[in-house]
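Visitor: In full-length UniProt numbering, the protein residues as written are 1 to 223.
No residue lacks a Cβ here, since even glycine has one placed at the ideal position from N, Cα and C.
All values derive from a computational prediction rather than experimental measurement.
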């Protein structure tokens, strides 16, 4: 019988006792990855796909509020709960204003944390909706690409359609005729495809779409 994969949760907590304890408490419901400071949390938050985040406020290198705000500025919408010993109303407001979806004071009840995570992630679009394209994360629904460094790039409808066609069969070399047909413009000049590729490369990376001379185009390594 196939066991479904657990949702991925990024836990950013520097306490050497509390971090592993929270990870253990959530391990039945989530695939938990622990980062011990804000900078590592930012790197993981930008370069990997997550279904939820639990972030301590008082982190070394970069504190939890800065971390959440930086992720939101980079277009990361993954639901996040901030955990903190600071439970005043003003502190909660600061956490929510930074971009957190929820805020819990320490000490907290493990059952309540799990319940809040369930409620928070119920309406979230899963990370699986993103497609890895040459190291970039492609979001077809929102017509955007996120670079390996977290930069968010918007695409036009045609650029997004072209990239979706190429990404669907990354090993295949597509002729210009095939790409025109896939874009529902079989009667257009083949130079239209070259134009779309030119603008796509200009926005992202020249190597994201590779030219196979005499044949056509395919997905490259994106470096």
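Can you pull the DSSP bridge partners for residue 210?
Guide: Paired residues: 218.
Visitor: CB-CB under 6 angstroms to residue 110, same chain, minus the five flanking residues each way: which ones, in chain order?
Guide: Cβ within range, chain order: 25.
Visitor: Please classify residue 149: is it buried, with 16 or more other beta-carbons within 10 angstroms of its beta-carbon, or exposed?
Guide: Residue 149 should be labelled exposed.
Visitor: Buried or exposed: where does residue 93 fall if 16 or more other Cβ atoms within 10 Å of its Cβ makes it buried?
Guide: Residue 93 should be labelled exposed.
Visitor: Please return the same chain residues whose Cβ sits closer than 7 angstroms to the Cβ of residue 23, not counting the five positions on each side in sequence.
Guide: So the qualifying residues of the chain are 11, 32 and 34.
Visitor: Return helix, strand or coil for residue 144, following the three-state DSSP convention.
Guide: Residue state, collapsed to three classes: strand.
Visitor: Would you please state the rounded distance, in angstroms, between the beta carbons of residue 197 and residue 173? I believe it to be under 8 angstroms.
Guide: At roughly 13 angstroms, the Cβ-Cβ gap does not stay under 8 angstroms, so residue 197 and residue 173 are not in contact.
Visitor: With distance defined between alpha-carbon atoms, name the residue in 17, 19, 52 and 36 nearest to residue 29.
Guide: Comparing Cα-Cα distances from residue 29 to each of 17, 19, 52 and 36, the minimum goes to 52.
Visitor: For the UniProt domain "Response regulatory" (8 to 121), which segments carrying the beta strand (DSSP E) assignment without a break, of at least 3 residues, lie completely within its bounds, in sequence order?
Guide: Complete beta strand (DSSP E) runs here, min 3: 8 to 12, 31 to 35, 52 to 56, 80 to 84 and 102 to 105.
Visitor: Measure the alpha-carbon distance for residue 210 versus residue 120 and round it to whole angstroms.
Guide: If you take the alpha carbons of residue 210 and residue 120, they lie about 40 angstroms apart.
Visitor: Consult DSSP for residue 182 and reduce its assignment to one of helix, strand or coil.
Guide: Looking at residue 182 - three-state DSSP - the assignment turns out to be helix.
Visitor: Short of 8 angstroms in beta carbon distance, which residues of its chain neighbour residue 2, apart from the five on each side in sequence? Order them along the chain.
Guide: Residue confidence is low: residue 2 scores 42 on pLDDT, short of 50, so the model does not pin down where it sits. Its coordinate-derived value is still stated next. So no residue of the chain qualifies.
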